[in-house]
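Peer 1:
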């Protein structure tokens, strides 16, 4: 059986150097090449499971998302994957759906597969699962995406959702809208509450009275939830002249329902999303939204994990990123019609 | 340290039964509940890595996709995830991008993390990586999605792409189109060649001469590739009255370019996709396409893996599934405008 030392001998380097290459640590390109050639020539197959027991590190990071059929979470995973690959680490993706069956025990199983850290999006998780996450965060680094857990060891990267939604609604009031419907999603979460607060503050700043019956709650965060929720807003009198979705998918659902009823967007009703993703530019008209810097946030999450594994952080890190208003045709008829590829092309 | 036998004692069952529960095997709901309660009460944390060394099974299946930002591959992963979860197995997702850097060595690393099987979509893989896959398939079950590897141990689930594309083009000729442009993608792959063959055979059946200059090759499979490729077809004279994409994303790219040039779809040019996915019903007009039974195929892939792990299969399994024509507004103005949720809602 070929062993690590045989590879080292053929490559003319130390066993420590071979180990570094196998674990993805930075070495000179020349050393990397010699080791890889030696591995290939000897057909050496290190046993990663045995090594992970010995070294106590697996060089892999678990990534958990609530859905795998939502482009929003796939962009997040893609960002994390790119960041981890650049560090020579392997991402493992897990989906926590169906949420109502996802258990603390399953969470433990994933943890015990020996990942060095977790990057998680916890939407829909039950308290019992979150409590397990708090315990895991005492043992390995955990970074939460978009949601912070004060008082626990969980790090987080997020955005200021109140100011982000404020920008969205301020854009609408600045172009003359006074009657603005709001599709609220995730009101049980801090992010959902902050977005509603941003909506209310922007109305207040424009001197518009808040009306309870212009706010409808969607069942969840997906396209069909927005498609269903918007129908309640269309029963209001007078009709709202603009509708904002608390996330991009519910706004797209609203837009699709309005299209099916031949409502002209933005002439009859303007539609605004939040938390921009590639779908925004594929629907007609293109959806105005508020963009969150997914790739900067995921790169930071990866950096926090890496530093934490190396023991750099002595305290819990919580970072908020800024948002950017993206004005497109669903609120502004004259907005540029250029097709945007950048978020697909990465 | 709490051990398996302590859990068994508290639960009043054998250690074998605890092991079954931990490994996700079918046991009575009552036994499952007692074991879970005992695990929770004792805060027992089995070491999965150590167990995987001992039992030689990890109860996890690796899933490899070429992209994570393409809804097509995410539907595939979602199907596999649902299927594996139902069997109590854990899916690990890996992305093989960037393809030009993805190496046989990385493939080995993934294999050596101790998965019991692999379900793979190999688009873009280099020969050196494929050769590594052939070797891995001698050791653990491997099922390929959409591509077969005759003469190797790799199982496959696929569709008859020639007859699928034949249906798409036959639909267009049946409603009067005689000049049909074709955006070819993946001509270096068997699937791409079969689709082109289907296009040619449908023309022949309708008595339409094949013209080389109505076929353009896209750089790759994504939306922007179709957006770019269709521009060549618009330089032909006379213009084609219909355009077919060899996959759904290139067709959506074509549709988006035509929209940006104010071409009326389907009145001026009809657009047809292939390999339907949820985006089809989000673009305007909704895209006609040929649907592949993703969930049936992924369920079958999971079943093949499970049977192969149990040693059921003595030979390589290759299964072809039938396709279904989906007629929507991009080829037929009068097609139903009802919004389709079923593929989002699963």
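Protein chains in written order, with the UniProt record's numbering: chain A, 1 to 346; chain B, 1 to 346. Every residue gets a Cβ at the ideal spot worked out from N, C-alpha and C, and that includes glycine. Predicted model only: the values in this text are computed from it and were never measured.
Spell out the partners DSSP gives residue 21(A) in its beta bridges.
Peer 2: Locating residue 21(A) in the first chain gives position 21, where the first residue counts as 1. Residue 21(A) pairs with nothing; no bridge assigned.
Peer 1: Can you confirm whether residue 149(A), when its beta carbon is compared against all beta carbons of chain B, has any partner nearer than 7 angstroms?
Peer 2: In the first chain, the residue the question calls residue 149(A) occupies position 149. Closer than 7 angstroms: no.
Peer 1: Below 7 angstroms between beta carbons: does that hold for residue 294(A) and residue 323(A)?
Peer 2: Taking the first chain and counting its residues from 1, one reaches residue 294(A) at position 294. Taking the first chain and counting its residues from 1, one reaches residue 323(A) at position 323. The answer is no: Cβ separation not under 7 angstroms.
Peer 1: Which class does residue 262(A) belong to by DSSP, given the choice of helix, strand or coil?
Peer 2: Here residue 262(A) corresponds to residue number 262 of the first chain, with the count starting at 1. Here residue 262(A) sits in coil by DSSP.
Peer 1: Between the region 274-286 of chain B and the region 113-120 of chain B, can you find at least three pairs of beta-carbon atoms closer than 8 angstroms?
Peer 2: Judged by Cβ distances under 8 angstroms, the region 113-120 of chain B makes no contact with the region 274-286 of chain B, as fewer than three pairs qualify.
Peer 1: Do you know how far the Cα of residue 219(B) is from the Cα of residue 177(B)?
Peer 2: The sequence position of residue 177(B) within the second chain is 177, counting from 1. The sequence position of residue 219(B) within the second chain is 219, counting from 1. Between residue 177(B) and residue 219(B), the C-alpha separation is close to 26 angstroms.
Peer 1: Output needed for residue 313(B): all residues of its chain with C-beta closer than 6 angstroms, excluding positions within five of it in sequence on either side, in chain order.
Peer 2: Taking the first residue of the second chain as 1, we reach residue 313(B) at position 313. Contacts found: 307.
Peer 1: Around the C-beta of residue 209(B), are 16 or more other C-beta atoms found within 10 angstroms, so that it is buried, or is it exposed?
Peer 2: Taking the second chain and counting its residues from 1, the one referred to as residue 209(B) is at position 209. Burial call: exposed.
Peer 1: Tell me whether the beta-carbon of residue 367(B) lies closer than 7 angstroms to the beta-carbon of residue 137(B).
Peer 2: Only positions 1 to 346 of chain B appear in the structure, and residue 367(B) is not among them; the question remains open.
Peer 1: Taking DSSP's pairing of strands, which residues face residue 321(B) in a bridge?
Peer 2: Counting from 1 along the second chain, the entry for residue 321(B) is found at position 321. Paired residues: 159(B).
Peer 1: Please classify residue 237(A) as buried or exposed, where buried requires at least 16 neighbouring CB atoms within 10 angstroms.
Peer 2: On the first chain, position 237 is the one that residue 237(A) refers to. Exposed.
Peer 1: List, in chain order, every chain A residue whose beta-carbon is nearer than 7 angstroms to that of residue 78(B).
Peer 2: For the purposes of this step, residue 78(B) is taken as the residue at position 78 of the second chain. Here the neighbours are 68 and 69.
Peer 1: Using the Cβ count rule (16 or more neighbours within 10 Å means buried), how would you classify residue 222(B)?
Peer 2: On the second chain, residue 222(B) is found 222 positions in, with the first residue counted as 1. So residue 222(B) counts as buried.
Peer 1: Where residue 81(A) and residue 95(B) are concerned, what is the direct C-alpha to C-alpha distance, given to the nearest angstrom?
Peer 2: Within the first chain, numbered from 1, the residue matching residue 81(A) stands at position 81. Within the second chain, numbered from 1, the residue matching residue 95(B) stands at position 95. Distance between the alpha carbons of residue 81(A) and residue 95(B) is about 8 angstroms.
Peer 1: Between 333(B), 175(B), 298(B) and 166(B), which lies nearest to residue 182(B) when the distance is taken from Cα to Cα?
Peer 2: Locating residue 182(B) in the second chain gives position 182, where the first residue counts as 1. Minimum Cα distance to residue 182(B) is reached at 166(B).
Peer 1: I'd like the list of long-range same chain contacts for residue 269(A), defined as Cβ closer than 8 angstroms, with 5 residues on each side in sequence excluded.
Peer 2: Position 269 of the first chain, counted from the start, is the residue given in the question as residue 269(A). Answer for residue 269(A): 239, 240, 241, 242, 243, 258 and 263, listed in chain order.
Peer 1: Anyone know if the C-beta pair for residue 302(B) and residue 133(B) falls short of 7 angstroms?
Peer 2: As a working mapping, residue 302(B) is identified with position 302 in the second chain. As a working mapping, residue 133(B) is identified with position 133 in the second chain. For residue 302(B) and residue 133(B), no; Cβs fall outside 7 angstroms.
Peer 1: Taking C-beta to C-beta, are residue 271(A) and residue 246(A) nearer than 7 angstroms?
Peer 2: Looking up residue 271(A) in the first chain gives position 271. Looking up residue 246(A) in the first chain gives position 246. No, the Cβ-Cβ distance between residue 271(A) and residue 246(A) is not below 7 angstroms.
Peer 1: Whole angstroms is fine: what's the gap from residue 187(A)'s alpha carbon to residue 90(A)'s?
Peer 2: Here residue 187(A) corresponds to residue number 187 of the first chain, with the count starting at 1. Here residue 90(A) corresponds to residue number 90 of the first chain, with the count starting at 1. Taking the straight line from one Cα to the other gives about 35 angstroms.
Peer 1: For residue 327(A), which residues of its own chain have a beta-carbon under 7 angstroms away from its beta-carbon, when the five flanking residues on both sides are left out?
Peer 2: For the purposes of this step, residue 327(A) is taken as residue 327 along the first chain, with counting starting at 1. Once the five neighbours on either side are set aside, the close Cβ partners of residue 327(A) are 171, 288 and 335.
Peer 1: Any beta carbon from chain A within less than 7 angstroms of residue 166(B)'s own beta carbon?
Peer 2: To locate residue 166(B), count along the second chain from 1; it is residue 166. It does not: the Cβ of residue 166(B) has no partner Cβ on chain A nearer than 7 angstroms.
Peer 1: For the alpha helix (DSSP H) that contains residue 85(A), what are its first and last residues?
Peer 2: Against the first chain, residue 85(A) aligns to sequence position 85. Counting along the chain, the alpha helix (DSSP H) containing residue 85(A) begins and ends at 71-86.
Peer 1: Give the interface partners of residue 221(B) over in chain A, defined as CB-CB distance under 7 angstroms, in chain order.
Peer 2: Here the question's residue 221(B) lines up with position 221 in the second chain. What residue 221(B) touches in chain A: nothing, since even the nearest Cβ is about 12 angstroms away.
Peer 1: So which residues of chain B does residue 95(A) contact, with C-beta pairs closer than 7 angstroms?
Peer 2: Residue 95(A) sits at position 95 when you count from the first residue of the first chain. The contacting residues are 81.
Peer 1: Which residue from 305(A), 163(A) and 59(A) puts its Cα closest to that of residue 320(A)?
Peer 2: As a first step, residue 320(A) must be located in the first chain, where it is residue number 320. Ranking the options by Cα distance to residue 320(A), first place goes to 163(A).
Peer 1: What residues from chain B crowd round residue 284(A), counting only those whose CB sits closer than 8 angstroms?
Peer 2: The residue given as residue 284(A) occupies position 284 in the first chain. Within 8 angstroms Cβ-Cβ: 259, 283 and 284.
Peer 1: Can you name the start and end residues of the alpha helix (DSSP H) that residue 7(A) belongs to?
Peer 2: The residue given as residue 7(A) occupies position 7 in the first chain. It spans 4-11 - the alpha helix (DSSP H) in which residue 7(A) sits, taken as one unbroken run.
Peer 1: Check whether chain E comes within 7 angstroms of residue 92(B), counting only Cβ atoms and requiring the distance to be less than that.
Peer 2: Among the protein chains of the structure shown, namely A and B, there is no chain E.
Peer 1: In whole angstroms, what is the alpha-carbon distance linking residue 214(B) and residue 14(A)?
Peer 2: Numbered from 1 along the second chain, position 214 holds the residue referred to as residue 214(B). Numbered from 1 along the first chain, position 14 holds the residue referred to as residue 14(A). Approximately 59 angstroms between the Cα atoms of the pair.
Peer 1: So residue 126(A) and residue 191(A) are in contact, right, with Cβ under 8 angstroms, and what is the actual spacing, rounded?
Peer 2: The residue given as residue 126(A) occupies position 126 in the first chain. The residue given as residue 191(A) occupies position 191 in the first chain. With 8 angstroms as the limit, residue 126(A) and residue 191(A) do not qualify as a contact, their Cβ atoms being about 17 angstroms apart.
Peer 1: Quick one: what's residue 415(A) bridged to in DSSP?
Peer 2: With chain A running from 1 to 346 in the structure shown, residue 415(A) is simply not present.
Peer 1: In the DSSP assignment, find the unbroken beta strand (DSSP E) run with residue 217(B) in it and report its ends.
Peer 2: The residue you call residue 217(B) lines up with position 217 of the second chain. Run containing residue 217(B): 215-217, per the beta strand (DSSP E) assignment.
Peer 1: Have a look at residue 5(A) and residue 225(B) and give me their C-alpha separation to the nearest angstrom.
Peer 2: Locating residue 5(A) in the first chain gives position 5, where the first residue counts as 1. Locating residue 225(B) in the second chain gives position 225, where the first residue counts as 1. Approximately 47 angstroms between the Cα atoms of the pair.
Peer 1: Helix, strand or coil for residue 289(B)? Go by DSSP, reduced to three states.
Peer 2: Reading the second chain from its first residue, position 289 is the one you call residue 289(B). Correct three-state label for residue 289(B): strand.
Peer 1: How would you call residue 108(A), buried or exposed, if buried means at least 16 neighbouring beta carbons within 10 angstroms?
Peer 2: Walking along the first chain from the start, residue 108(A) turns up at place 108. Residue 108(A) comes out buried.
Peer 1: State the DSSP-derived secondary structure class of residue 278(A), mapped to helix, strand or coil.
Peer 2: Counting from one through the first chain, the residue named residue 278(A) turns up at place 278. Residue 278(A) falls in the helix class under three-state DSSP.
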